[in-house]
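Chains as they are written, first to last, in UniProt numbering: chain A, 1 to 332; chain B, 1 to 214. Cβ atoms here follow ideal geometry from the backbone N, Cα and C, with glycine treated the same way. Everything numeric in this text was worked out from a predicted model, so none of it was measured. Here is the structure we will look at.
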Amino acid sequence: MKKLINSPDEVVTDALAGIAAAHPGLSVDTKARVITRAAQTRIGKVALVSGGGSGHEPLHGGFVGTGMLDAACPGEVFTSPVPDQMLAAAKAVDGGAGVVFVVKNYTGDVLNFRMAAEFAEEEGISVQTVLVDDDVAVQDSTWTAGRRGTGATLLVEKMAGAAAEFGGSLAEVAATGRRVNAASRSFAVALTSCTTPAAGRPGFDLPEDEIEVGVGIHGEPGRSREKIRPARQIVADAMAAILDDQPLDPGEEVIALVNGLGGTPLLELYIVFGEVASVLAARGVRIARSLVGNYVTSLDMAGVSITLCRADEELLTLWDAPVNTPALRWGV
Amino acid sequence: MVGLELLDADAARDWMARTAAAVLDERDRLTELDAAIGDGDHGVSMVRGFTAVSAALAAAGELSLPGAVLLLAGRTLVSSVGGASGPLYGSALRAVGKALGDAGGADGKQVGAALGAGRDAIAALGGARGGDKTMLDAWIPAVAGFEFAVAGGGSLDAAAQFAAGAAEGGAEETVPMEARKGRASYLGPRSVGHLDPGAASTVLLFRALADAVG
Chain A
1 MKKLINSPDE
11 VVTDALAGIA
21 AAHPGLSVDT
31 KARVITRAAQ
41 TRIGKVALVS
51 GGGSGHEPLH
61 GGFVGTGMLD
71 AACPGEVFTS
81 PVPDQMLAAA
91 KAVDGGAGVV
101 FVVKNYTGDV
111 LNFRMAAEFA
121 EEEGISVQTV
131 LVDDDVAVQD
141 STWTAGRRGT
151 GATLLVEKMA
161 GAAAEFGGSL
171 AEVAATGRRV
181 NAASRSFAVA
191 LTSCTTPAAG
201 RPGFDLPEDE
211 IEVGVGIHGE
221 PGRSREKIRP
231 ARQIVADAMA
241 AILDDQPLDP
251 GEEVIALVNG
261 LGGTPLLELY
271 IVFGEVASVL
281 AARGVRIARS
291 LVGNYVTSLD
301 MAGVSITLCR
311 ADEELLTLWD
321 APVNTPALRW
331 GV
Chain B
1 MVGLELLDAD
11 AARDWMARTA
21 AAVLDERDRL
31 TELDAAIGDG
41 DHGVSMVRGF
51 TAVSAALAAA
61 GELSLPGAVL
71 LLAGRTLVSS
81 VGGASGPLYG
91 SALRAVGKAL
101 GDAGGADGKQ
111 VGAALGAGRD
121 AIAALGGARG
131 GDKTMLDAWI
141 PAVAGFEFAV
151 AGGGSLDAAA
161 QFAAGAAEGG
171 AEETVPMEAR
181 KGRASYLGPR
191 SVGHLDPGAA
201 STVLLFRALA
211 DAVG
């Protein structure tokens with residue numbers, strides 16, 4: 001394993017020190033492990049708090065700033081943060097109007113955020129939770145952990161964040177987040193596994209000519225292993241999975257996110273985006289807004305996730321609203 | 001060797017210390033089991049948690065009640081582990097500690113009831129049931145074994161031994177199961193053929209209890 005680290009045990013702490021040094025617009029408590037905006041929350045503004053395991057950068061810390069999150073809580077690599085962090089974050093950023101927790105649907109994240117919500121309510125802070133579960137590779141059922149939260153997390157944080165800046169109430173901001181999640185579907189393919197600093201070797205072995213189809217963002221194997229094929233065919237299969245789950249009619253509009261998992265060049269991500277655009281054009285679906293880059297990553301995994309969010313005028317207004325964070329910035 | 005008749009505060013401390021030593025010894029195995037069907041952090045997470053428990057118990061000084069020891073241990077796990085295992089093990093030990101109440105020394109019947117409360121806390125928080133390929137598949141037979149031994153007139157020592165054996169058997173039974181909860185559930189049928197790492201660490205917890213009261 002070759003990594004630019006000092007010690008596997010200090011990865012998160014050292015990265016937080018770097019985030020603090022790089023971004024004066026953020027305030028980083030390296031001890032409590034909470035990243036907040038340097039400015040206090042405006043009184044009456046609903047605050048957005050998210051968090052999750054580290055290793056998905058720029059998610060979530062890179063999305064703290066005007067128009068998006070008020071605070072992020074990074075856990076250990078691929079391990080959800082602990083309730084103490086979310087409670088500290090909620091107390092730090094509550095502007096009196098309550099706090100929305102944006103939680104990716106993984107058992108660990110759900111349990112820790114649930115405990116944190118209980119602790120916060122005990123301290124008089126109103127909390128609403130928005131669960132993100134957009135990954136169609138996982139079959140949903142009452143008896144399972146349900147779908148994973150992946151690329152749509154960025155869309156939820158952006159648009160719920162905008163709703164909060166526009167003065168939405170706690171219920172309205174949470175409803176916006178849930179609406180974005182409900183309108184979004186994702187599918188991911190990995191060309192390689194990834195290596196956590198603690199484990200020191202890849203989470204799974206993948207032969208040179210094979211890919212994992214339907215992966216999440218934690219180096220876990222996907223639904224199936226298949227032979228590598230031209231990008232056109234891989235995207236066709238991913239798009240079929242997404243569109244089977246949420247059919248889009250001619251004339252409908254989407255926000256399309258092609259997201260790198262950390263180890264794939266932008267050149268390839270654009271090839272994927274081109275294929276996504278062809279599939280949508282053939283169906284008469286219009287790409288109203290697009291985003292291409294590494295936003296919800298899985299350490300050094302090579303691969304891509306595709307997220308489509310069915311858009312309407314309100315969501316597009318929220319998407320276009322000013323945002324000023326380390327990883328996403330426009331309109332300012 | 002004659003085992004303890006009551007689980008007192010010292011025995012509860014010993015239980016936690018032995019668990020800490022066991023997860024350290026088995027860290028790599030737990031991590032490998034988790035890498036196969038999860039994300040490969042279970043060994044590291046358990047070591048981080050029980051190292052924190054040892055430090056918290058040392059810092060707390062004299063604790064006269066076994067319930068207080070386990071409440072502190074559970075609270076420390078919740079605050080230090082993260083992931084699913086932190087809240088689940090943390091809530092379980094908190095429930096065990098709470099159920100022991102103000103007993104200075106708990107007999108087999110009381111310990112059995114407390115362990116049952118721990119099992120119920122895991123089920124309530126995680127929403128899993130037996131057969132879902134989770135730590136509950138070791139907890140359920142372990143508690144049942146413990147209560148069965150006590151009902152038959154067995155000593156605390158014998159019941160804990162019986163529970164540890166039952167936990168091991170339950171963990172082995174997770175191998176052919178298809179996971180329905182936790183991160184392994186994303187693999188669907190590909191989760192079959194692997195021992196559940198949470199069930200494996202549960203075996204260590206119950207083995208440590210048996211050693212502490214044995």
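Put simply, the region 32-40 of chain A does not touch the region 289-296 of chain A. Fewer than three CB pairs are less than 8 Å apart. When DSSP reads this structure, D8(B) sits in a beta bridge with G105(B).
Taking 8 Å as the cut-off, the beta carbon of A144(B) is found closer than this to the beta carbon of A166(B).
Here the alpha carbons of R13(B) and V150(B) stand approximately 22 Å from one another. The beta carbon of L65(B) does not come within 8 Å of any beta carbon belonging to chain A, so the residue lies off that interface. By DSSP's assignment, L48(A) forms a beta bridge with V100(A). Your pair R33(A) and P74(A) checks out as a contact, with CB atoms roughly 6 Å apart and the cut at 8 Å.
Listed in chain order, the beta strand (DSSP E) elements of length 3 or more contained wholly in the region 61-93 of chain A are 71-77. If the five residues before and after V235(A) are omitted, its C-beta is found closer than 8 Å to the C-beta atoms of V272, E275, V276, V279, I306, all from its own chain and listed in chain order. Taking 8 Å as the CB threshold, D196(B) stays off the interface with chain A.
Under DSSP, R289(A) forms a beta bridge with I255(A). Per DSSP, the beta-bridge partners of K227(A) are E210(A). The continuous beta strand (DSSP E) containing F187(A) extends over residues 184-190. Chain B places a beta carbon closer than 8 Å to that of V138(A), counting this residue as a contact.
Looking at R148(A), K3(A), Y106(A), L87(A), the one whose alpha-carbon comes closest to that of V99(A) is L87(A). The continuous beta strand (DSSP E) containing G303(A) extends over residues 303-311.
Taking the Cα of M115(A) as reference, the smallest distance to any Cα among A199(B), G118(B), R75(B) is reached at R75(B). For V258(A), the CB contacts under 7 Å within the same chain, skipping 5 residues up- and downstream, are L269, V272, F273, V276, V292, V304, I306 in chain order. Annotation: Y89(B) has no Cβ neighbours in chain A at a cutoff of 8 Å; minimum Cβ distance is about 11 Å. In this structure S80(A) does not touch G61(A) by the C-beta definition: roughly 15 Å separates them, more than the 8 Å allowed.
Here DSSP, grouped into helix, strand and coil, assigns D25(B) to helix.
Closer than 8 Å to the CB of V103(A) there is not a single CB belonging to chain B. DSSP places R37(A) in the uninterrupted beta strand (DSSP E) bounded by 34-37. By the rule that beta-carbons nearer than 8 Å mark a contact, T30(A) does not touch chain B. For the region 199-225 of chain A, the set of positions with a beta-carbon nearer than 7 Å to some beta-carbon of chain B reads A199, G203, G216, H218, G219, E220, P221, R223 in chain order.
Here DSSP, grouped into helix, strand and coil, assigns D132(B) to coil. Residues T30 of the same chain have their beta carbon placed closer than 7 Å to that of T13(A), with the five preceding and five following residues left out of the count. Straight through space, the alpha carbons of M159(A) and A175(A) are spaced by roughly 11 Å.
Nearest in C-alpha terms to A138(B), of all of E172(B), D120(B), S155(B), is E172(B). Comparing C-alpha distances from F63(A) to each of R148(A), L155(A), E123(A), Y106(A) shows the shortest one belongs to L155(A). Around the CB of V332(A), fewer than 16 other CB atoms lie within 10 Å, so the residue is classed as exposed. Spatial neighbours of A9(B) in its own chain (CB-CB distance under 8 Å, excluding positions within 5 residues in sequence) are listed in chain order as L63, S64, L65, P66, A68, V69, G104.
With respect to chain A, the C-beta atom of R27(B) has no partner C-beta closer than 8 Å.
As summarised for the region 111-168 of chain B, the continuous alpha helix (DSSP H) elements at least 4 residues long and confined to that stretch are 136-151, given in chain order. Take the alpha-carbon of A52(B) and the one of D320(A): they are about 46 Å apart. When 8 Å is used as the limit between beta carbons, V100(A) is near no residue of chain B, the shortest such separation being about 21 Å.
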